[in-house]
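Q: Here it is, the structure in full.
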Amino acid sequence: MHCHGYLVHYLSLAMILAGLGNLINHKKVQPVYGRYVGSSPPAKVVPARLAWFLQEMPSFLVPLLLMLTWHKPSSTGKYLLLGTFCTHYFQRTFVYSLLSRGKPVPLVVMGSAGLFCSVNGFLQAHYLLHCAHFDDQWSADYRFKTGLVLFYIGMAINIHSDYILRNLRKPGEIDYKIPTEGLFEYVSGANYLGEIMEWFGYAAATWSLPALSFAVFSLCFIGPRAVYHHRFYLEKFKDYPRSRQALIPFIF
Ligand SMILES: NC(=O)c1ccc[n+]([C@@H]2O[C@H](COP(=O)([O-])OP(=O)(O)OC[C@H]3O[C@@H](n4cnc5c(N)ncnc54)[C@H](OP(=O)(O)O)[C@@H]3O)[C@@H](O)[C@H]2O)c1
């Protein structure tokens, strides 16, 4: 497949605009899943494990399919895709999803997330496989190195924080408890902080518009969610640690 530069450009801009739109309108159009579903959930919901598995899978499968139908034996773009984006979505699809103890997900939320993961999986893979040109020195570049370090630290924080949240509940429980340990000692949205670090690290390591647009989208989508979670804890728990911030330790 040759590079569809215009498509990459427009999809990237659309993703940034969608993220900024969510940031501006988040009070009106917060995606309603998890604790925000309320006492009368929509009629059509999907069990959490199945929903997360199905919705996240395209971000793993689409890059994999593009890689299998690609004939160049090796390139920096391919290894970056495998080592970052695909690694994240392998974990999200085959580990996170299948261990979830979360609430059923509204069908419409699962559908939108699945569509997003399909388009984003295509965008990131198409760009890195068919459009990107990294010179031989790229792996020695400070943007590549610091980007990868940020990505892997972020991924470790994200996985560890999701593990902490999952273990707050025994199987069958649906109540919310105060998360402790790890970065939750500093912020209410520790899993989101890790995820945002991952995608900004990925953007630095690939130095590309599609990766930057995904990082901006993630910040605009889960940043407000961290703020809502923080408010939720402050309202629900009188003994919630007052020094804890929403998303950025000691600052915000
Ligand atoms: N890149 C992106 O744009 C993007 C977008 C969305 C999500 N994500 C990632 O996907 C993962 C899940 O996101 P999310 O929005 O579902 O996270 P979340 O609201 O923090 O929930 C994560 C899981 O932990 C449970 N949980 C959360 N707080 C809890 C508490 N205090 N006590 C007991 N259980 C608790 C939730 O149960 P309930 O379902 O019952 O609430 C859910 O199963 C995160 O790693 C996030 O970074 C990424």
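Basically our numbering = 1-based index in the sequence shown + 2.
For each residue, glycine too, the CB sits at the ideal point set by N, CA and C.
#1: Locate the alpha helix (DSSP H) running through Y255, then write down its first and last residues.
#2: Closer than 8 Å to a non-hydrogen atom of ligand 1 - does that hold for the CB of N160?
#3: Under the criterion of a Cβ to heavy atom distance below 8 Å, does L167 qualify as lining ligand 1?
#4: Which partner residues does Q247 have in the DSSP bridge list?
#5: Ligand 1 and S210: does any heavy atom of the ligand fall closer than 8 Å to the residue's C-beta?
#6: Taking C-alpha atoms, which residue in R103, A16, I180, Y81 lies nearest to P173?
#7: Do A207 and I159 come within 9 Å of each other at the CB atom, strictly closer than that value?
#8: Taking 8 Å as the cut-off, does the CB of F219 come closer than this to any heavy atom belonging to ligand 1?
#9: Could you tell me the distance, in whole angstroms, from the CA atom of M69 to the CA atom of L19?
#10: Which residues does DSSP list as the beta-bridge partners of P108?
#11: Is the segment 120 to 129 in contact with the segment 235 to 245, if contact means three or more CB pairs nearer than 8 Å?
#12: By how many angstroms is the C-alpha of V121 removed from the C-alpha of M112?
#13: Please name the residue, chosen from R145, I166, L63, that lies closest to Y98 on a Cα-to-Cα basis.
#14: Taking only the alpha-carbon atoms, compute the straight-line gap between A50 and L56 and give it to the nearest angstrom.
#15: Within 10 angstroms of its Cβ, does N169 collect 16 or more other Cβ (buried), or is it exposed?
#16: Report back the beta-carbon spacing between Y194 and I224 to the nearest angstrom; my notes put them in contact at under 8 Å.
#17: Could you give the first and the last residue of the continuous alpha helix (DSSP H) run that contains F136?
#18: Alpha carbon to alpha carbon, how far is E187 from Y235?
#19: Do G116 and Y91 have their CB atoms nearer than 9 Å?
A: For this structure:
#1: Residue coverage of the chain in this structure runs from 3 to 254, which leaves residue 255 outside it and unanswerable.
#2: The count along the sequence shown starts at 1 and reaches residue 160 at position 158. Yes - ligand 1 has a heavy atom lying nearer than 8 Å to the Cβ of N160.
#3: As a first step, residue 167 must be located in the sequence shown, where it is residue number 165. Answer for L167: yes, Cβ within range of ligand 1.
#4: The count along the sequence shown starts at 1 and reaches residue 247 at position 245. Q247 pairs with V189.
#5: To locate residue 210, count along the sequence shown from 1; it is residue 208. No - ligand 1 has no heavy atom lying nearer than 8 Å to the Cβ of S210.
#6: Within the sequence shown, numbered from 1, the residue matching residue 173 stands at position 171. Closest option to P173, Cα to Cα, is R103.
#7: Residue mapping note: residue 159 aligns to position 157 of the sequence shown, counting from 1. Residue mapping note: residue 207 aligns to position 205 of the sequence shown, counting from 1. No, the pair does not count as a contact, with Cβ atoms beyond the cut-off.
#8: One-based indexing of the sequence shown puts residue 219 at position 217. For ligand 1, at least one heavy atom lies less than 8 Å from the Cβ of F219.
#9: Mapped onto the sequence shown, residue 69 falls at position 67. Mapped onto the sequence shown, residue 19 falls at position 17. Roughly 28 Å separates the two Cα atoms.
#10: Within the sequence shown, the letter at position 106 stands for residue 108. P108 is bridged to V47.
#11: no
#12: As a position in the sequence shown, residue 112 is number 110, starting the count at 1. As a position in the sequence shown, residue 121 is number 119, starting the count at 1. Computed Cα separation, rounded: 14 Å.
#13: Counted from its first residue, the sequence shown places residue 98 at position 96. Out of R145, I166, L63, I166 has the C-alpha closest to the C-alpha of Y98.
#14: Start at 1 with the first residue of the sequence shown, and residue 50 comes out as number 48. Start at 1 with the first residue of the sequence shown, and residue 56 comes out as number 54. Cα-Cα distance, rounded: 10 Å.
#15: Translated into the one-based positions of the sequence shown, residue 169 becomes position 167. Exposed, since its Cβ has fewer than 16 Cβ neighbours within 10 Å.
#16: To locate residue 194, count along the sequence shown from 1; it is residue 192. To locate residue 224, count along the sequence shown from 1; it is residue 222. 4 Å between Cβ atoms; contact.
#17: In the sequence shown, the residue the question calls residue 136 occupies position 134. Note, F136: premise wrong, no alpha helix (DSSP H); not H, not E.
#18: Start at 1 with the first residue of the sequence shown, and residue 187 comes out as number 185. Start at 1 with the first residue of the sequence shown, and residue 235 comes out as number 233. Their backbone Cα atoms lie some 13 Å apart in a straight line.
#19: For the purposes of this step, residue 116 is taken as the residue at position 114 of the sequence shown. For the purposes of this step, residue 91 is taken as the residue at position 89 of the sequence shown. Contact flag unset, no.
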